[in-house]
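K.L.:
So that we are looking at the same thing, I have put the structure below in structure tokens.
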Amino acid sequence: MRVDLDRIDKLMNLVGEIVITQSMLVECVRSLPYDVYAKTAEGILTLSRQTRELQDHVMAVRAQPVKAVFQRMPRLVRELAQTLGKEVRLVLEGENTEVDKTIIEELADPLTHMIRNSMDHGLETPEDRVAAGKSPEGTIKLIAEHRAGRIVISVTDDGRGIGREKLLAKAKSRGLVGADEKLAPEEIDQLIFAAGLSTAEVISDVSGRGVGMDVVRRNVESLGGRISVDSEPGRGCKFTLALPLTLAVLEGMVIRCGSDRYVIPIASVIETQHLASTPIEHLTFGQEVLRWRGEITPLHRLGAVMGSSGTRNENIIIIAETERGDNVGIAVDEILGQQQVVVKSLEGNYGTVHGASAATILGDGLVALILDVDSMLRLAASGERHPATELKLAG
Numbered sequence: 001m002r003v004d005l006d007r008i009d010k011l012m013n014l015v016g017e018i019v020i021t022q023s024m025l026v027e028c029v030r031s032l033p034y035d036v037y038a039k040t041a042e043g044i045l046t047l048s049r050q051t052r053e054l055q056d057h058v059m060a061v062r063a064q065p066v067k068a069v070f071q072r073m074p075r076l077v078r079e080l081a082q083t084l085g086k087e088v089r090l091v092l093e094g095e096n097t098e099v100d101k102t103i104i105e106e107l108a109d110p111l112t113h114m115i116r117n118s119m120d121h122g123l124e125t126p127e128d129r130v131a132a133g134k135s136p137e138g139t140i141k142l143i144a145e146h147r148a149g150r151i152v153i154s155v156t157d158d159g160r161g162i163g164r165e166k167l168l169a170k171a172k173s174r175g176l177v178g179a180d181e182k183l184a185p186e187e188i189d190q191l192i193f194a195a196g197l198s199t200a201e202v203i204s205d206v207s208g209r210g211v212g213m214d215v216v217r218r219n220v221e222s223l224g225g226r227i228s229v230d231s232e233p234g235r236g237c238k239f240t241l242a243l244p245l246t247l248a249v250l251e252g253m254v255i256r257c258g259s260d261r262y263v264i265p266i267a268s269v270i271e272t273q274h275l276a277s278t279p280i281e282h283l284t285f286g287q288e289v290l291r292w293r294g295e296i297t298p299l300h301r302l303g304a305v306m307g308s309s310g311t312r313n314e315n316i317i318i319i320a321e322t323e324r325g326d327n328v329g330i331a332v333d334e335i336l337g338q339q340q341v342v343v344k345s346l347e348g349n350y351g352t353v354h355g356a357s358a359a360t361i362l363g364d365g366l367v368a369l370i371l372d373v374d375s376m377l378r379l380a381a382s383g384e385r386h387p388a389t390e391l392k393l394a395g
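Encoded structure:
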């Protein structure tokens, strides 16, 4: 039986509105006398349980395996291998990994760009591979998995890696990097996402037209995700996409820093503990760390990183997991509770807000940012701080 996805979308939007209304009801009954509150709260709890069950069923209908997109790639690889005169083996893993159908629909173009990039720029010709002591056949791995409440898709090749000298020279010629500016290897690798920047010497149907990885980045970020690159000269390159499992509703922990509230996805939270009972140490360069389960774990003050307004007295630490599987401590003032929240895009309202992936409307009608742990860590590492901002969402 074929499911009408437009009707499913409308049903999911309705579920989102129910979630917002439910949050408003919870906020309203807080001021009621205890006996009235107790009876009302019981009904709201039942409503919450039924709403969550309804959402789970709708999400199950919307969820689709990435197999539909992955199965387009073998033909692409065969055709490109013939065009480029290369021997390539494509390995697919995690084809049954499920994700919201809206995400599935947007995956084909980014993955196609990344496969093209790996085959043209990354993998060497059979002759060059043999000369480098490699098998004449190159390998590309396309892998999907669920990690830290997201779907993570990686494209890995065993080619030459990013040509950093050529990429840096091209960036300098375009004025993207100062003539005398020094960049770390990892910073040079990030230039591959610069708009219109290509290291291809010959314009062809495969590369060199000034479109590619910058397009991939824009597409991924428009879905509330991100893309990263890891390259090792002579050994290969790995591009990793991290995308939300759904663009509709998520389970979140509502927290407070100063007078601002935020939501952190429950899927990212491992544990919470009191700051007072946790010994904090300082590294030589000023980074705060704590010992958690025998490991040195970095600690970041959310209010300072996000530029929260009002007086802050962080006394709760949230241990969260990054996409790489690392752990980090996030100090906040207060945990206000756990609830489902409707995901609202920041794109049309604010553009990119570093440290956050989206926003939501809380029960009192005010807006809270939905935190992205990895983006927040990059913001902290950059030393930049958000100015306090009044948040309002359209529609």
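Going letter by letter, the sequence shown gives residues 1 to 395 in the numbering used here. By construction, the Cβ of each residue, glycine as well, lies at the ideal position given by its N, Cα and C atoms. Everything numeric in this text was worked out from a predicted model, so none of it was measured.
1) Three-state secondary structure (DSSP) at P230?
2) Measure the Cβ-Cβ separation of L90 and V69 and say whether it is below 8 Å.
3) Counting pairs of Cβ atoms below 8 Å between the stretch 365-384 and the stretch 332-340, do you hit three or more?
4) Could I get the ranges of all uninterrupted beta strand (DSSP E) runs contained in the stretch 246-315, with 3 residues as the minimum, in chain order?
5) One question on the structure: do I319 and G329 come within less than 8 Å of each other, judged by their Cβ atoms?
6) Considering only C-alpha positions, which residue in the set I296, G303 and N219 is nearest to D260?
7) Quick one: what's got a C-beta closer than 7 Å to G161's C-beta in the same chain, skipping five residues either side?
8) Which of the three DSSP states, helix, strand or coil, is assigned to Q64?
9) Between the beta-carbon of Q427 and the beta-carbon of V15, is there less than 8 Å?
10) Beta strand (DSSP E) containing E87: first to last residue?
11) Starting from Q338 and walking both ways along the alpha helix (DSSP H), at which residues does that stretch end?
12) If you draw a straight line from the C-alpha of S154 to the C-alpha of H57, how long is it?
13) Helix, strand or coil, according to DSSP, for N219 in the structure here?
14) Looking at I151: is its Cβ nearer than 8 Å to the Cβ of T97?
15) In this structure, how does DSSP classify E323 when only helix, strand and coil are distinguished?
16) Within 10 Å of its beta-carbon, does K134 have 16 or more other beta-carbons around it, so buried, or fewer, so exposed?
17) According to DSSP, which residues form a beta bridge with G329?
18) On a CA-only basis, which of V342, V177, V19 and T322 is nearest H146? Give me that one, please.
19) Go through its chain and collect everything with a Cβ distance to L25's Cβ below 7 Å, but skip five positions before and after it.
20) Kindly list the residues whose CB is nearer than 7 Å to the CB of R174, restricted to its own chain and excluding five residues on each side of it in sequence; keep chain order.
21) Please classify H300 as buried or exposed, where buried requires at least 16 neighbouring CB atoms within 10 angstroms.
22) In its own chain, which residues sit with a C-beta less than 7 Å from the C-beta of I115, not counting the 5 before and 5 after it?
23) Can the beta-carbon of V216 be found closer than 8 Å to that of H121?
24) Looking at the unbroken alpha helix (DSSP H) that takes in H121, where does it start and where does it end?
25) Give me the DSSP bridge partner(s) of I162.
26) Let me confirm a value: E124 is counted as buried when at least 16 other C-beta atoms fall within 10 Å, else exposed. Which label applies?
27) With DSSP as the reference, label G225 as helix, strand or coil.
28) Which residue comes first and which comes last in the alpha helix (DSSP H) that contains T83?
29) Buried or exposed: R49, going by 16 or more other Cβ atoms within 10 Å of its Cβ?
30) Judging by CA-CA distance, which residue of V249, C257 and E181 is the nearest neighbour of L168?
31) Over what stretch of residues does the alpha helix (DSSP H) that includes I188 continue unbroken?
32) Excluding sequence positions up to five away, which residues of its chain have a Cβ less than 7 Å from the Cβ of L283?
33) Just to confirm my understanding: we take V177, look at its own chain, exclude 5 residues before and 5 after, and list those with CB closer than 8 Å. What are they?
34) Find the nearest neighbour of S345 within the set R291, G225 and Y37, judged by alpha-carbon distance.
35) With a 10 Å radius around its C-beta and 16 neighbouring C-beta atoms as the bar for buried, classify D4 as buried or exposed.
36) Is it buried or exposed for D35, if we count other Cβ within 10 angstroms and need 16 for buried?
P.N.:
Well, looking at it:
1) Locating residue 230 in the sequence shown gives position 230, counting from the first residue. Just to set this straight, residue 230 is Asp in the shown sequence, not Pro. Collapsing the DSSP output to three states places D230 in a strand.
2) Residue mapping note: residue 90 aligns to position 90 of the sequence shown, counting from 1. Residue mapping note: residue 69 aligns to position 69 of the sequence shown, counting from 1. Not a contact, by the Cβ cut-off of 8 Å.
3) Two segments are said to touch when three or more pairs of C-beta atoms, one from each, lie closer than 8 Å; by this definition the stretch 365-384 does not touch the stretch 332-340.
4) Listed in chain order, they are 249-257, 260-265, 269-274, 280-282, 288-292 and 295-301.
5) Residue mapping note: residue 319 aligns to position 319 of the sequence shown, counting from 1. Residue mapping note: residue 329 aligns to position 329 of the sequence shown, counting from 1. With contacts defined as CB atoms closer than 8 Å, I319 and G329 qualify as a contacting pair.
6) The residue labelled residue 260 in the question sits at position 260 within the sequence shown. Looking from the CA of D260, the closest CA among I296, G303 and N219 belongs to G303.
7) The sequence position of residue 161 within the sequence shown is 161, counting from 1. A distance below 7 Å between beta-carbons, with the five flanking residues on each side excluded, links G161 to the following residues of its chain, in chain order: S231, E232, P233, G234, R235, G236 and C237.
8) Sequence index remark: in the sequence shown, residue 64 carries index 64 (1-based). Judged by DSSP in its simplified three-state form, Q64 adopts strand.
9) Not covered by the structure: residue 427. The range shown for the chain is 1 to 395.
10) The residue given as residue 87 occupies position 87 in the sequence shown. E87 to E93 is the span of the beta strand (DSSP E), which, as asked, contains E87.
11) Stepping through the sequence shown from its first residue, residue 338 is reached at position 338. Boundaries for Q338: no alpha helix (DSSP H) harbours it, while the beta strand (DSSP E) harbouring it runs E334 to V342, taken from the DSSP string.
12) In the sequence shown, counting from the first residue as 1, residue 154 sits at position 154. In the sequence shown, counting from the first residue as 1, residue 57 sits at position 57. Approximately 29 Å, taken between the alpha carbons.
13) Numbered from 1 along the sequence shown, position 219 holds the residue referred to as residue 219. It is helical.
14) For the purposes of this step, residue 151 is identified with residue 151 of the sequence shown, where counting begins at 1. For the purposes of this step, residue 97 is identified with residue 97 of the sequence shown, where counting begins at 1. Annotated as proximal: I151 and T97, with beta-carbon spacing under 8 Å.
15) Locating residue 323 in the sequence shown gives position 323, where the first residue counts as 1. E323 carries a coil assignment under DSSP once its states are collapsed to helix, strand and coil.
16) In the sequence shown, the residue the question calls residue 134 occupies position 134. Flag for K134 reads buried.
17) Start at 1 with the first residue of the sequence shown, and residue 329 comes out as number 329. According to DSSP, G329 bridges with L299 and I319.
18) Here residue 146 is taken as the residue at index 146 of the sequence shown, counted from 1. Of V342, V177, V19 and T322, the residue nearest in Cα terms is T322.
19) Translated into the one-based positions of the sequence shown, residue 25 becomes position 25. I44, listed in sequence order.
20) Here residue 174 refers to the residue found at position 174 when the sequence shown is read from its first residue. For R174, the CB contacts under 7 Å within the same chain, skipping 5 residues up- and downstream, are L197 in chain order.
21) Along the sequence shown, read from residue 1 onward, the residue named residue 300 stands at position 300. The residue in question, H300, is buried, as its Cβ has 16 or more Cβ neighbours within 10 Å.
22) On the sequence shown, residue 115 is found 115 positions in, with the first residue counted as 1. So the list reads M73, L76, V77, I140 and V155, once near-sequence residues are dropped.
23) Stepping through the sequence shown from its first residue, residue 216 is reached at position 216. Stepping through the sequence shown from its first residue, residue 121 is reached at position 121. Contact check for V216 against H121 fails: the beta carbons are separated by 8 Å or more.
24) Numbered from its first residue, the sequence shown carries residue 121 at position 121. No alpha helix (DSSP H) holds H121; DSSP gives it neither H nor E.
25) Walking along the sequence shown from the start, residue 162 turns up at place 162. Looking at the DSSP assignment, I162 forms no beta bridge with any residue, so it has no partner.
26) If you number the sequence shown from 1, residue 124 lands on position 124. Here E124 is buried. Its C-beta has 16 or more other C-beta atoms within 10 Å.
27) For the purposes of this step, residue 225 is identified with residue 225 of the sequence shown, where counting begins at 1. It is coil, neither helix nor strand.
28) The residue you call residue 83 lines up with position 83 of the sequence shown. Unbroken alpha helix (DSSP H) run through T83: M73 to L84.
29) Stepping through the sequence shown from its first residue, residue 49 is reached at position 49. Burial check for R49: the Cβ neighbour count within 10 Å stays below 16, so the residue is exposed.
30) For this step, residue 168 is matched to residue 168 along the sequence shown. Minimum Cα distance to L168 is reached at E181.
31) Position 188 of the sequence shown, counted from the first residue, corresponds to residue 188. In the DSSP assignment, I188 falls within the unbroken alpha helix (DSSP H) covering P185 to Q190.
32) Translated into the one-based positions of the sequence shown, residue 283 becomes position 283. Same-chain partners within the cutoff: V289.
33) Walking along the sequence shown from the start, residue 177 turns up at place 177. Only L168, A171, L183 and L191 meet the Cβ criterion.
34) Your numbering for residue 345 matches position 345 in the sequence shown. Of the candidates R291, G225 and Y37, the residue whose Cα lies closest to the Cα of S345 is G225.
35) Locating residue 4 in the sequence shown gives position 4, counting from the first residue. Classification of D4: exposed, given that the 10 Å Cβ count is below 16.
36) The count along the sequence shown starts at 1 and reaches residue 35 at position 35. Classification for D35: exposed.
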